[in-house]
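> Sharing a structure below in structure tokens format, with a few things to ask.
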Amino acid sequence: MAKLGMGVLGVGEMGRRHAENLRRQVPDAELVAIADSDIARARKIASELGVRHALGNLDDMLDRKDIHAIVIATPDRFHAQCIRAAAAAGKDILCEKPLALTLEDAASALRVVAQKAVRLQIGFMRRYDPAYVLAMQRVEAGEIGDPVVFKSVGRDKEEPPLACYQAGFNGMLFYNNTIHDFDLARWLMRDEVIETHSYTTVAIRPEIAQYGDVVASVVNLKYRNGAIGNIESYVQAIYGYDVRTEILGSKGAVFVGTLRQMPAVFLNANGSSRPLADHFLTRFADAYLLELKDFVETMGADRPPRVTGQDGLRALEIAVAAEQSHLEQAPRKVLQRTVEVDIFAANG
Ligand SMILES: NC(=O)c1ccc[n+]([C@@H]2O[C@H](COP(=O)([O-])OP(=O)(O)OC[C@H]3O[C@@H](n4cnc5c(N)ncnc54)[C@H](O)[C@@H]3O)[C@@H](O)[C@H]2O)c1
């Protein structure tokens, strides 16, 4: 089978990992080019990874006939426009979360994907994490009975630099961080969220309020079939990268996640210590690789992506309702839009 010619757009922290994985660990793909608006960065990463072409923009990548699929890892604000351009050029797409920052932008991107009949997968990589996959298998097997309560915690370690908020390239907490949990909330519960009620704070960093962002949030959820949920997000936990999820059901429960980096204990005269998970690139290293491998296999086998554009839209709708609830300090219904989704999206 011929290798799938691919390009990675945006080689910052996340895109670099995707490029590295493609170059070294996905034998069925050939990473033809990487592109970044910072061409010096594109050249540096291309040289480090031995990629033949370093480009300064998406258009140059789209012109290449030897590139059939593109990974979009630019900041959030550019996702929808890059999807539209890549789809219009007939390329298949793996786009980092979130799908877009507004519902209008999401809908217009999905429309082009549908019109051009390309495939779009959204980078909800937790769905590939072995522990989450096992949890889902147990839920699907009916082991916990009917789901009653969903609970998720997502805490990043380091305080984001103020420059990140000032640049405004990424969405606020709900779009950039909690969106992973909004996706898990649908996927693991096999149900749709119909209402959100957000509580937020800037207590320890009031200066970020002017950028429309928050330091921490708690979002309560109501589900269509009667279940309830709760998601906590926090951007500066200091002690580590802490992602955990629980599902409580009528017959039992599933807990996913641990603070431990690895099953090792170090002992000395001061006592003992256990290395804690400190970054998403280490905690979800397997998941990032497995999602890419699955994307490449999906293209080769001509089947629908496992995480669709519609999944990206549904998570975005929850984020939009959560932000409205935060702004209005009242519960908000989640409004599901009907958009022409791509012909490959029907797998759910
Ligand atoms: N799935 C995950 O767990 C996960 C984790 C981290 C980041 N992300 C997502 O990945 C994306 C990138 O995040 P990051 O942390 O790597 O950001 P980053 O700032 O480290 O990197 C972004 C890169 O994109 C380049 N860029 C900016 N605008 C561009 C454009 N229009 N065209 C081409 N290149 C452009 C920048 O020069 C930079 O090199 C974001 O959407 C983020 O939400 C996902």
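Going by the working numbering, the first residue of the sequence shown is number 1102, and it counts up by one from there. Just so you know, even glycine gets a beta-carbon here, dropped at the ideal spot from N, CA and C.
#1: Shortest alpha-carbon distance to Ala1136 belongs to which of Pro1128, Val1152, Ala1130 and Asn1122?
#2: Which of the three DSSP states, helix, strand or coil, is assigned to Ala1242?
#3: With distances taken Cα to Cα, identify the nearest neighbour of Phe1270 among Thr1302, Ala1286 and Asp1314.
#4: With Tyr1324 as the anchor, note down where its beta strand (DSSP E) starts and where it stops.
#5: Count the other CB atoms within 10 Å of the CB of Glu1308; is the residue buried (16 or more) or exposed (fewer)?
#6: Kindly indicate which residue of Asp1161, Glu1347 and Leu1417 has the alpha-carbon position closest to the one of Val1249.
#7: Does Ile1146 pass the burial test, meaning 16 or more other C-beta atoms within 10 Å, or should it be called exposed?
#8: What first and last residue would you give for the beta strand (DSSP E) that runs through Met1107?
#9: Looking at Thr1279 and Ala1420, is the spacing between their C-beta atoms short of 9 Å?
#10: Measuring alpha carbon to alpha carbon, tell me which of Leu1235, Gly1327 and Ile1171 ends up nearest Leu1221.
#11: Taking DSSP as the reference, what is the three-state secondary structure of Ser1373?
#12: Please report the distance separating the alpha-carbon of Gly1157 from that of Leu1274.
#13: For Tyr1233, count neighbouring C-beta atoms within 10 Å of its own C-beta (all shown protein chains included) and say buried if the count is 16 or more, exposed if not.
#14: Go through its chain and collect everything with a Cβ distance to Val1344's Cβ below 6 Å, but skip five positions before and after it.
#15: Determine the direct distance from the alpha carbon of Arg1407 to that of Leu1200, and round the result to whole angstroms.
#16: So, at 6 Å on beta carbons, what are the nonlocal neighbours of Lys1394 in its own chain, with the 5 sequence-adjacent residues on each side left out?
A quick look at the data gives this:
#1: Among Pro1128, Val1152, Ala1130 and Asn1122, the Cα nearest to that of Ala1136 belongs to Val1152.
#2: Under the three-state reduction of DSSP, Ala1242 is assigned to coil, being neither helix nor strand.
#3: When only C-alpha atoms are compared, the closest one is Asp1314.
#4: Segment Ala1317 to Tyr1324, the beta strand (DSSP E) holding Tyr1324.
#5: That one is exposed.
#6: Val1249 has its Cα closest to that of Glu1347, out of Asp1161, Glu1347 and Leu1417.
#7: Classified as buried, Ile1146 has 16 or more neighbouring CB atoms from the shown chains inside 10 Å of its CB.
#8: Looking at the DSSP string, the run of the beta strand (DSSP E) that includes Met1107 is Leu1105 to Leu1110.
#9: Contact flag set, yes.
#10: Comparing alpha carbon positions, the residue from Leu1235, Gly1327 and Ile1171 closest to Leu1221 is Ile1171.
#11: Strand at Ser1373.
#12: Rounded to the nearest angstrom, the two C-alpha atoms are 29 Å apart.
#13: Classification for Tyr1233: buried.
#14: For Val1344, where only same-chain residues beyond five positions count, the Cβ hits under 6 Å are Gly1255 and Gly1358.
#15: Roughly 15 Å separates the two Cα atoms.
#16: Around Lys1394, the same chain offers Val1127 as residues with beta carbons nearer than 6 Å, after the five sequence neighbours per side are excluded.
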